[in-house]
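FYI, the numbering for the sequence shown is 1 to 1221, going by UniProt numbering.
Where a beta carbon is used, it is the ideal one built from N, C-alpha and C, also for glycine.
Note that the structure is a prediction, hence the values are computed from the model and not measured.
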Amino acid sequence: MEGSSSQSGNSSTNTASGSLENNDPVSYKTILYENMSNNRILLKLEEDEFITPDEKVEELLKNLTKPSYLYALKLLFENLQNEFSSQVLENSLEALVDTSFKHYSKESVARLELHLRILVTVLERICFSPIVLSKELRDKVYNSLAKFAEIHRKTTQVIEIGLDNNFRTNFNQFNQQNNDQIAIKKRNYNIDFLLIHLRDTLHSLRDDETWFQEIIRRTKDFLKAALNITPGILSIAGVTLPNDNCSILSMLTQVRQSLSFKYPVASYYVDWRIMLIIQHNLFIWSESEKIISKKFGELVLMEYIWSFLEREWVNAEDKSILDSQTKFDEVSNKVAKALKNTGGFLNELAGNEPIALPHILWFGILDLAQNLIQRSSRIATYGLCYYLAIESLNKAPSSFIQFKSIELLLHLYNIDNKMFSMIEIDFDQYTQKLSENNLEDSLEKFRNLLTFVKEKYHEDLKILSNNTGKEKEGKGKKSNQNSYLKKEQISNSNILDVIADEITCPINSEPTDQLCILKCQHMLALNNLKKLKQKICPNCREKIEDNDIRYLSQNSIYKNLYTKFFESGHILPSIELENSDQLYETDDSDNSEVELILTKKKKFMNPIIKFNSKISSSILSRITKKQHPTYQNIIKEINEKNYEKAESLCKEFINFFPKSYSLRCILAYIYRCLNNYEQAHFFLKEAIDLNPKRSVAYFICGEIFFRQNDYGEAIYNLKETNYLERSIIYKAKINNSYILLGNSYLLRGHYADYDGYYDDDDDYDDYDDYTEAIKNYNIALKNDPNNYLCLKNCAYAYEIKEDYLSTLNLLDKLLNINKEDSLVLCYYGESLYNMTQYRKAISYFTKAYTIDPENIHNLNRRAITYYIIKEYDKVLSDLDKIIQLDPLNSSAYYLKSLTYYTKNDNNNAKVSFKKYAELLNSDNDLAKVHLFYLEYLLNNNSSKDLNDILTKIDQIHNYSSFEYEFLQFIKCKIYIELKEYSKARLALNNIWNFVFISYIIQEHPDFWSYLYEVCEINKNDFTEFGIVDEFSKYMYEEHDVYFVSILTNLNSELCQFQESDISSLSGLVLSSKNGNLRLVLPMLKNYKNYLICKMNVKKILSKDCFIKFIINDNYQDCMLKHKDVSKLEGLGWIEYQISEYRPLDVQLSIEINSIEMQIEYIRFGSNPRKVAYIPDMSFISYLLPDYHKFFSNVPETFKDKYFSRKEMENLLDLKDILNSL
């Protein structure tokens, strides 16, 4: 709003002019410039030694009743290079709320508008300054608005008397009168607009003035990012290239999220405030800070102005002419009454949204355009304002918008009446349009309004003329400036040509909607910039640096003027040039890329130009493929799912473009929709052969292979898609290509057998399908953070890799999107269970149960978790619910039997066991494992029964490695019960899972004592290791486990760090109580691959923390810094595997800094993952170790819901393909 359009005045009919002509065709612009640089009052102040802006303002405030002083004051505040103290701004606000108008005349109207515009400008200055107004001053300004509204009413009454020479005692401006024409022609809507703006700005300030500073900062930062004023935002080589998302509507969506008002504000005001912030920053950057050019700033501002107005036009498009006039009249009466009633106005603050005039945002944006005209000397800016004013007039829903459109057009006409001579014709055509629509009453009102605005404009010009200084003439400065102005006006006769030139890329010589301004100030289309092989300006050959590029979207302007550009020949047909890829691969020193493109374009256009020098739209329509009716019909039939008809049209149309890459891609898409994958692949191969450097065909091909479950081929083609997108420095418009590639890796990983193909160790994660899936999902999530399908699939991939923290992070995002998703809640509980955080897991299972009480899977997982935390009654309660829902659920009877056994209720345990055995599927080997284990528990006192179980186990031959280990575990337990330790030893040797081994050893001390003797461990000397007790000797010799508490035997100073822990194998651990600890282990023998440390990271004490594992005096070391340690904090006991290969003789040192943690042992061996969660054996009771792995997780149990095949096969969108072709 700052520096909004010029002040106004009204005049009587005696000065009415039937023509738009002024005596001097450039008088308005000349006078306006002279007032800005050669103002009589300001020059006089400088002569009187009022030098600083503050001094000038203080002096001018003494004469606020004089229009000339008011205008000088307006110029001072509008010049953003002038800085003012907070005290002067406060004093100005205090002075300007003085409403002491001693008389009412036509001059008062001009003075009132000028006065209010200055008040608006001062308030805007305060909004953009670190100033907080006191409540008293805000209230004072508030109260003045009602008085200004009354002055407006009375001055308007005087004007009516002057206009009609007829005094009306019952006059009321805001009540409908018998003669509606008079009510319309006399009303200065600028004053109404300014009063509402002041009201709503003060209204929003009442909440919290510091809020303004936050919104200003956020909008400014966003605008800098959109334009690449902040270095690094526009990365040519990466995926952060700006695109159409920088449009004003997209920006509004993002900025609006940060807006919050304590009290209701008028609905228009949010967008209006954002637009004012944009305008302010562009003026500051171009006029004061000089970080962008004035031309660039104007182009950006015009795009935002067009974007806002485009939305207003769309809303008014389907309505009849002046459709909202009646509504406007009704609302304007209410607004007038609200403005006149201070009390009512203040009461609005705690209640409803303040009432505003309909289409007030539209009016305000036009006012900003009028302000830009006054500041600019660029013909393109005038031309763009002309087109938006005409469009606004033609779509005006009421006299409110008519008034502002007319005023803007009159300003343009008086800048250059030759260039804008068509405005007189435009007014005639508009009146004819009203007549054709039988709006005779509206026609007469418009004529009266037009006369009124002309008179008002001449009054404006009169005030400007009176302020021009004379004493500086003849010194050359003014005449030079004006001669430049006249030269520009004379040399540009066609405003559309000028506008087109402003946004034309020199490479293809066409206007474009996405431009980049280089440091050398040359301009390129964004698409052409991406295609340059060498980043050198095609015009001046200067090197292009990413951070020096300014991004300029002209999307709204281009879209709305496209037809005019096309019909006038500025936009030519899209041509698929032969060998087009050579344009970006060759680099002849004597031939620029520009010349190569233009040469081919001229060859195409010359015959057409010779045939008809004035290129007609009909010729261009026949030769433009994408505008051809057949092409449009093909797309229409596809969108309506008439694929057979689309196929027929496309096959016929491709004969006219036999080398068309894009048509082959579209035809392949059609065959894909018809499930004719063979034909689709045929045309995709042709497309790839035509242009192997374009990515769209590869993407379609990959998607089809995915549909065919050929994930290997899908991965190949989709990887090619993403490779090409990166190789041509092009940000993928098809974000789904990364999701689809991730899905392909995920499903290939799910179905493939990796034995002998991938190493289980994390060293090979880069070649693991799940790792590759995660990489691609994360790329997609950067572009679309809330993609539900992508978040779900990525969470599953992390969970398969046992990275539960990352799984939970993604599940949190899913719950932020939909907190009522019971499957996600259950999955969250499962992940917490896997992390041994059982009570937290219960809370999520319970939330899922509340939403979906019939989810048997969720009830089962909650029952298992209740069992672990020994709440057996709740276990039985959940199992009863499961059986009620599914009487044939065998797993429920298994856990029920186990629970009764744990409670020493053997009778009920046997009843449930019998039911489980009846329901058992004889072909389910895993279920048999459970059966044998229950039999063992229920019959562990019967040698005969135990031997029968062993016989049954030996009869199973077709089992998986997973089932085999459990069977060996059961056999070992049975042999121990039978005191057949030698056979138990053989079974133990067939178990490689250390959790199973430690479980058996902890439960059966007599067994390991036997092993100690039979292995003759006592014959070995363990003195150098500090190992004294038999258990520690056995664990080191047989299982490569070294308990760090043994170090106290070698170094007594470590005794202070020793603690008891009943959940540990040895019962003792070392703890870094003060956050720091250094351990030096003796030289140990390593007959296995990897070093594993069992530890419990309780608390991080500083960001400087680390855990350092040093091998053989820095021969190899592994350091976990804060980022790594933070992922382990609070997980409980884990085994952490150091991935590097170890030498035969290993001396390990461990350094701990600023971490409160415990360490139990170091062992040599291998785990499938770097981090393995260790359950507390005291919690497990009689559950089989890793019992949860017997059950599939949520994604696998509910794969039809969680992995919706329809969603996965719905990632290829026609719109994305067309946008990428």
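When the cut-off is 8 Å and only beta carbons count, does residue i lie next to chain B?
i       : result
Lys-847 : Absent from the structure is chain B; it holds one protein chain and no more.
Determine the direct distance from the alpha carbon of residue j to that of residue i, and round the result to whole angstroms.
i            : j        : result
Glu-1013     : Tyr-872  : 40 Å
residue 1264 : Leu-309  : With the chain running from 1 to 1221 in the structure shown, residue 1264 is simply not present.
Val-696      : Asn-786  : 25 Å
Tyr-798      : Leu-372  : 55 Å
Ser-1009     : Arg-985  : 12 Å
Ser-890      : Val-911  : 13 Å
Ser-1060     : Ala-987  : 31 Å
Phe-1057     : Ile-1152 : 13 Å
Asn-463      : Phe-446  : For the record, residue 463 in the displayed sequence is Ile; it is not Asn. Approximately 26 Å between the Cα atoms of the pair.
Arg-862      : Arg-839  : 10 Å
Ile-507      : Pro-538  : 8 Å
Ile-1217     : Asn-315  : 29 Å
Glu-1160     : Ile-842  : 29 Å
Tyr-933      : Gln-955  : 15 Å
Asn-940      : Leu-946  : 7 Å
Gln-554      : Cys-127  : 29 Å
Leu-1221     : Glu-647  : 18 Å
Lys-454      : Ala-500  : 31 Å
Asn-560      : Asp-812  : 43 Å
Glu-644      : Thr-563  : 32 Å
Could you name the residues that DSSP lists as bridge partners for residue i?
i        : result
Phe-1164 : Leu-1091
Tyr-738  : DSSP output for Tyr-738 lists no bridge partner at all.
Phe-1109 : Cys-1118 and Ile-1150
Ala-525  : Leu-515
Thr-504  : Pro-511
Leu-552  : Leu-515
Tyr-1173 : Ile-1134
Asn-1096 : Gln-1158
Ile-536  : Lys-543
Asp-1145 : Lys-1085
Under a Cβ-count criterion, where at least 16 other Cβ atoms within 10 Å of its own Cβ denotes burial, should residue i be classed as buried or exposed?
i        : result
Leu-1144 : exposed
Asp-367  : buried
Leu-859  : buried
Trp-362  : buried
Lys-626  : exposed
Ile-666  : buried
Asp-1213 : exposed
Glu-854  : exposed
Leu-888  : exposed
Ser-435  : exposed
Met-1119 : exposed
Trp-272  : buried
Trp-992  : exposed
Met-1157 : buried
Nearest CA to the CA of residue i: which residue from the options?
i        : options                                   : result
Tyr-796  : Ala-780, Ser-1064, Ala-773 and Leu-89     : Ala-773
Ser-442  : Ser-943, Ser-398, Asp-426 and Lys-140     : Ser-398
Gly-1130 : Ile-284, Ile-1111 and Lys-1098            : Lys-1098
Leu-1081 : Asp-416, Asn-1074 and Ile-1150            : Ile-1150
His-1039 : Ser-1072, Glu-1053, Leu-1050 and Ile-1092 : Ile-1092
Asn-417  : Glu-545, Glu-59, Tyr-382 and His-522      : Tyr-382
Ile-159  : Asn-188, Asp-139, Val-300 and Gln-1002    : Asn-188
#### Entry: Runs of beta strand (DSSP E) lying entirely within the region 987–1041, each at least 3 residues, in chain order
none
### Complete runs of the alpha helix (DSSP H) confined to the region 889–965 [at least 4 residues]
890–902, 906–919, 925–938 and 943–954
### Query
In chain order, which continuous runs of the alpha helix (DSSP H) of length 4 or greater are located wholly inside the region 414–472?
422–436 and 440–465
### Query
Fully enclosed by the region 81–131, which alpha helix (DSSP H) runs are 4 residues long or longer?
86–96 and 106–127
### 3 or more residues per run - each beta strand (DSSP E) lying fully within the region 1041–1085
1041–1043, 1058–1060, 1068–1071 and 1077–1085
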